[in-house]
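Input: a single structure, listed below in structure tokens.
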Amino acid sequence: MSAAPSPGAGELELATLPKIELHVHLEGSIAATTAVELARRHGEDPEEALEVVRGDDGGFGYPSPFRDFMHFVETFLATTRQVRTPDDLATVAADFARGQAAQGVRWTEATFTALTLVDNGMEPGPMWAALRDGFAEVPDTRIGLIIDSIRELGVDASRRTLQLVEDADAPIVGLGLTGIEGSVPEGEFGHLRDGAARLGIGLAVHAGETGTPDNVRAAVDDLGARRIGHGIAAAQDAELMRRLADEGVVLEVCPSSNVTLSIVPDLASHPLPTLWAAGVPVTINSDDPPFFATTLTEELGHAARMLDLDRSALADLQRRAARASFAPDDVKTDLLAAIDAWETQER
């Protein structure tokens with residue numbers, strides 16, 4: 000069952016809420032129509048290059064729901080393979096920034112798998128320049144990058160990613176660890192933890208999405224993660240929830256993603272209320288918005304309905320996102336001031 004926009008979101012004036020998004024993939028922001036445009040730009044027949052993105056009606060679009068996580072991965076890879084040149088990447092970056100600005104997102108931390116493009120032949124310098132140029136087209140929003148390593152690609156690939164980050168001229172605010180949970184023990188990636196500390200940037204680890212509470216526990220124990228991508232499996236373990244609450248480990252929850260990937264059957268079954276009731280710090284995010292037919296605004300609407308949030312609670316939710324962000328201190332100060340002003344303004 001696919002997720003639908005929550006009724007009542009407008010009553011909370013979500014359109015004007017200053018928003019912060021911590022968990023969204025830059026490559027996952029590519030609309031099907033953009034993928035078609037990029038394929039044609041390179042002289043490919045979209046019907047062949049993007050066969051997996053074709054719907055039952057013959058048009059191009061993303062399935063809803065996906066059969067399973069691997070069906071999503073297959074579709075995601077077919078789409079992202081169309082990003083081949085710095086110009087392509089600049090197009091994606093600018094489109095993404097425009098979409099965030101249109102929603103009133105003041106600060107975004109976009110996860111980006113830089114090594115994939117480098118291994119496909121893109122030079123690092125032009126790659127970083129394309130991202131800077133694309134984001135600069137939209138000055139109404141600010142974007143920091145989390146450069147991720149994919150577990151199943153191995154430890155050597157993650158070391159190469161760290162080297163890319165160390166040499167980069169880009170607005171990088173964090174390192175990420177993504178991919179198939181348990182495919183490589185978390186402890187093998189200690190250099191990412193150490194590298195983030197050395198560079199003065201954050202570390203966010205995907206865990207407890209398709210995996211188990213033990214995957215979340217390993218991210219905290221072995222990598223010292225203070226932010227967990229998804230993390231919803233923690234709801235199965237009361238002791239782990241108490242620990243996350245006590246230690247202030249923040250979960251980046253993406254409700255529609257979990258539904259569309261058939262991780263949970265529907266929003267009514269989502270563990271967000273369980274996590275919330277246990278005092279686990281959560282933030283709300285869109286993950287791969289066009290793939291899941293959603294936006295951050297819609298996800299906040301879902302959360303408001305699921306948790307019965309009033310205006311003050313919704314403001315607090317965004318304050319938590321601001322404080323948990325890897326943004327510079329002056330940006331955090333600006334974000335918190337904007338949220339305070341929104342909460343107290345006359346409606």
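Under numbering that gives the first Met the number 0, the first residue of the sequence shown is numbered 0, with each subsequent residue one higher.
Quick reminder that beta carbons are idealized off the backbone N, C-alpha and C, glycines included.
First and last residue of the uninterrupted beta strand (DSSP E) at Phe111: Val104 to Phe111 is the extent of the beta strand (DSSP E) around Phe111.
Alpha-carbon spacing of Lys331 relative to Pro212, whole angstroms: 31 Å
Given 8 Å, three or more beta-carbon pairs between the segment 60-69 and the segment 87-105: No: fewer than three Cβ pairs fall under 8 Å.
Cβ-Cβ distance between Pro125 and Leu163 below 8 Å: no
Environment of Ala8 [buried if 16+ CB atoms lie within 10 Å]: Confidence in Ala8 is poor, its pLDDT being 39 and thus under 50, which makes the residue's placement unreliable; the coordinate value appears in the next sentence. Label assigned to Ala8: buried.
Nearest-angstrom Cβ-Cβ length linking Ser28 and Pro254, presumed shorter than 8 Å: With 8 Å as the limit, Ser28 and Pro254 do not qualify as a contact, their Cβ atoms being about 18 Å apart.
DSSP three-state assignment for Thr177, whether helix, strand or coil: Thr177 falls in the strand class under three-state DSSP.
For Leu239 and Asp132, the rounded distance between their alpha carbons: 42 Å
Selected residue, minimal CA-CA separation from Gln99, among Ala340, Ala233, Arg310 and Asp287: Asp287
Same chain, Cβ closer than 8 Å to Thr74, five either side skipped, listed in chain order: Val51, Val52, Tyr61, Pro62, Phe65 and Phe290
Cβ shell of Thr110 (< 6 Å), same chain only, five flanking positions each side left out: His24, Ile145, Asp147 and Gly175
Simplified DSSP assignment, three categories, for Ala2: Bear in mind that the predicted position of Ala2 carries a pLDDT of just 46, short of 50, making it too unreliable to give a figure here.
Runs of beta strand (DSSP E) lying entirely within the segment 11-78, each at least 3 residues, in chain order: 18-24
Where Leu308 falls: helix, strand or coil (DSSP): coil
Exposed unless 16 or more other CB atoms sit within 10 angstroms - verdict on Ser311: exposed
Gly143 in three-state terms, based on DSSP: Gly143: strand per DSSP, three-state reduction.
Neighbourhood of Ala314 by C-beta, 7 Å cutoff - its chain only, sequence neighbours within 5 removed: Ile338, Trp341 and Glu342
Alpha-carbon spacing of Met0 relative to Leu49, whole angstroms: Confidence in Met0 is poor, its pLDDT being 40 and thus under 50, which makes the residue's placement too unreliable to answer from.
6 Å Cβ shell around Thr296 - same chain, five flanking residues per side excluded: Leu13 and Gln102
Identified DSSP bridge partners for Ser148: Leu176
Residue nearest to Glu347 in terms of C-alpha spacing, selected from Gly300, Leu316, Pro85 and Arg105: Nothing about residue 347 can be reported from this structure: the residues present for the chain run from 0 to 346 only.
Alpha helix (DSSP H) segment containing Gly98, residue limits: Pro85 to Ala101
Thr85 versus Met121, Val104, Thr112 and Asn257, residue with shortest Cα-Cα distance: Per the sequence shown, residue 85 should be read as Pro rather than Thr. Checked all of Met121, Val104, Thr112 and Asn257; the closest Cα to Pro85 is Met121.
Residue of Gln235, Ala237, Leu202 and Gly230 minimising C-alpha distance to Ala224: Leu202
Cβ pair His229, His205 closer than 8 Å: yes
Short Cβ contact (8 Å threshold) for Leu198 with Glu165: In this structure, Glu165 lies closer than 8 Å to Leu198 by Cβ.
Buried or exposed by the 16-neighbour rule on C-beta atoms within 10 Å, applied to Gln349: The structure shown has nothing for residue 349, since the chain only spans 0 to 346.
Asp286, DSSP secondary structure in three states: strand
Residue environment, Arg241, which counts as buried when at least 16 other CB atoms sit within 10 Å: exposed
Beta-carbon gap between Phe363 and Gly153 smaller than 8 Å: The requested residue 363 does not occur in the structure, where the chain is confined to residues 0 to 346.
Buried versus exposed call for Ala2 [16 or more other C-beta atoms within 10 Å across all chains shown]: For Ala2, the pLDDT reaches just 46, beneath the cut-off of 50, and the residue's location in the model is therefore unreliable, although a value from the coordinates is still provided. Here Ala2 is buried, its C-beta having at least 16 other C-beta atoms within 10 Å.
Backbone secondary structure at Ile338 - three-state DSSP: Looking at Ile338 - three-state DSSP - the assignment turns out to be helix.
Buried/exposed call for Ser182, threshold 16 Cβ in 10 Å: Exposed is the call here.
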